[in-house]
Amino acid sequence: MKFRTKTVLGVMLIQTVLLSVLVLSVLSQMRSSLRQQIELRANVTAQLVAAAARDPMVSYDVSTLKSLVTDLLASGQVAFVDFLDDRGRSMVTAGTGSGPPVSMPDLSGENLLTRDVLIKVAGNDYGHVRFGIRLDEMTELLELVKRKTVAMALGVMVAVAVFSLFLGKLLTRRLNELTAASHQIAAGNLSHQIDEQGNDELADTARSFNQMSGRLQQRNQELLAAQHSLSALNATLEQRVAERTAALQETSQRLQAEQERSLQAEKMASLGRMVAGFAHEVNTPVGIAVGAVSQAREVVKELGACLRQEEVTEEDLLSRLHTLEDVSELALNNLRRTADLVHRFKRTAVDQTSEQMRPFELAEVVEDVMKSLRNEFKNTPIRFEVDCAGCQTLYGPAGIVAQLLVNLMQNSRLHAFAAGTVGGCIRIQARTGSDTVSICYADDGAGMAAETLAHIFEPFYTTARGQGGTGLGMYIAHNLVTQGLRGSIACHSAPGQGTRFDITFPLQQVTSFIQQP
């Protein structure tokens, strides 16, 4: 739709709305005025009829009432008159039309207004008179005004439409010039100019358009010069980009290799700390066993000496045999304890250095890790609470689960409990559902700030750089869960509120009730 058409339609729509409001307002005011006049006429006529009919009604003078009726009908404004006595019987009736009394006339189709006046004298009811007033004259006057008003409105609409067409033609001529010039510039003719005659807004627009055209031509020349420069630069840019890309790829590969070595070193360091703790734990039962065996050897020597004597009492022999039995029992118990420690350490160490799939009990893995780290926690006021009730037998990489728990426990000791100098509790709760395994690891230590929490799983991020922290513990834990177990890990913490890790991984990834051969 053209701009001129839109302008004309818009102006006509606005004037139609305004004229409609004006016509409706005029008709409403005239209707109100006519209503008031008719009401006034009806009330005055009612008072006059009541005054003139009072004496004839009291005396029951029918001839006088007929004369009054004739005068009322002769005026041409009264359509009918009906005098009724106090019992409702008709005394005099003339004219046509009837209907119940109404308080306001209805000019939308009714041509008759009725009134019913009660005749009372000294408080006595002598009857009533009922008459109707014609509304034809008022209705015709209202229709005449309506027609004239509508005719005037149509005339104004036609005049405004003609003016709108002229104005639209004037505007669109200049706009068409601007449009044609825009097409010339779009086609590449940046030197095209348009006529700037006049001092109105359209002339200002034309001048602005010519200025824009000149600036575009200048800018186009600058762009052409820059394009030539870029063409010369592109000749060598591809080679430089290829060289930089190769260098970046090499650097990225070195960084990935170094990161992998750092991760392996951190795993081995963790295993080394476990080895040191294991050696310290094993030293005690082995030392006791060695001492017991040494004492048993001495007792055996004493028994040999007693047997070489010519006389020996039964009491001496029984005493030494009892001693030999006690030290042997002591040595056996400590050797069994040592064997249990060796078995658990071997199982944990092998699991952590491999991803071998095997059946395992989650509670057993937790206990093995706790015993492997006993040397790190035994002289600290940190206690453990473990709840793995109802967990199914799992089948999968037990080493990944063990390494995950080792990293979490060591992280709690170092950060949550200030390297074991602050007391607290570590709670490990595990549950197996229909298709998932859920582990909730929590401590009531120092917690961490929101900034630290946001970077908790990033590599080489640590708040204890000077205390032996490498920033890889939680990064490794995150990789173990997301890549090794195909699950998810989320951390929740606040300063002074402790830290909680929610770990979830699919049951089918690590559980199977099919025993491997």
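Numbering (the numbering used here), first residue to last: 997 to 1513. Glycine included, every Cβ here is placed at the ideal spot set by N, Cα and C. Note that this is a predicted model, so its numbers are computed, not measured.
- Shown here for residue 1471: same chain residues with a beta carbon closer than 7 Å to its own, the five before and five after excluded, namely 1453, 1454, 1455 in chain order.
- Rounded to whole angstroms, the separation of the alpha carbons of residue 1239 and residue 1493 is 52 Å.
- Bridge pairing for residue 1433: 1428, 1501 [DSSP].
- About 6 Å separates the Cβ atoms of residue 1048 and residue 1064, confirming a contact at the 8 Å cut-off.
- A check of alpha carbon separations from residue 1090 across 1078, 1082, 1083, 1084 identifies 1078 as the nearest.
- In the structure shown, residue 1091 falls within a strand segment according to DSSP collapsed to helix, strand and coil.
- Using a Cβ distance threshold of 8 Å, residue 1432 and residue 1500 count as a contacting pair.
- The three-state reading of DSSP puts residue 1489 in strand, counting E and B together.
- The residue from 1006, 1113, 1305, 1373 with its alpha-carbon nearest to that of residue 1419 is 1373.
- For residue 1396, the uninterrupted alpha helix (DSSP H) segment begins and ends at 1394-1407.
- Boundaries of the alpha helix (DSSP H) harbouring residue 1370: 1370-1373, taken from the DSSP string.
- In the structure shown, residue 1085 adopts coil according to DSSP, grouped into three states.
- Bridge partners of residue 1130 according to DSSP: 1108.
- Between residue 1404 and residue 1437, the C-beta spacing is below 8 Å.
- Just so you know, the alpha carbons of residue 1138 and residue 1080 end up roughly 35 Å apart.
- It is roughly 7 Å from the alpha-carbon of residue 1284 to the alpha-carbon of residue 1330.
- For the pair residue 1334 and residue 1393, the CB atoms are not nearer than the 8 Å cut-off.
- Excluding residues up to 5 positions away in sequence, 1082, 1114, 1115 lie with their Cβ nearer than 8 Å to the Cβ of residue 1121 in the same chain.
- When beta bridges are read from the DSSP output, residue 1391 appears opposite 1355.
- If you draw a 10 Å sphere on the C-beta of residue 1132, you find fewer than 16 other C-beta atoms in it, and that means exposed.
- In this structure residue 1396 is buried. Its beta-carbon is surrounded by 16 or more other beta-carbon atoms within 10 angstroms.
- Taking a C-beta distance under 8 Å as the contact criterion, residue 1253 and residue 1289 do not qualify as a contact pair.
- In summary, residue 1312 is exposed, with fewer than 16 beta-carbon neighbours lying within 10 Å of its beta-carbon over all protein chains present.
- Counting along the chain, residue 1381 sits inside the beta strand (DSSP E) bounded by residues 1378-1383.
- Taking the Cα positions, residue 1112 is about 28 Å away from residue 1025.
- Taken through DSSP and simplified to helix, strand or coil, residue 1159 comes out as helix.
- With a 10 Å radius around the Cβ and a threshold of 16 neighbouring Cβ atoms, residue 1399 comes out buried.
- Here residue 1443 is buried: its Cβ has 16 or more other Cβ atoms, across all protein chains shown, within 10 Å.
- Of all alpha-carbon atoms in 1491, 1410, 1416, the one lying nearest the alpha-carbon of residue 1448 is that of 1491.
- Going by C-alpha positions, residue 1071 is about 32 Å away from residue 1119.
- Between residue 1005 and residue 1152, the CB-CB gap reaches or exceeds 8 Å.
- In this model, residue 1247 and residue 1229 are separated by some 26 Å (Cα to Cα).
- Annotated as distal: residue 1117 and residue 1058, with beta-carbon spacing of 8 Å or more.
- DSSP places residue 1077 inside the beta strand (DSSP E), whose first and last residues are 1074-1080.
- Residue pairing by DSSP places residue 1145 opposite no residue, since no beta bridge is assigned to it.
- For the pair residue 1019 and residue 1149, the CB atoms are nearer than the 8 Å cut-off.
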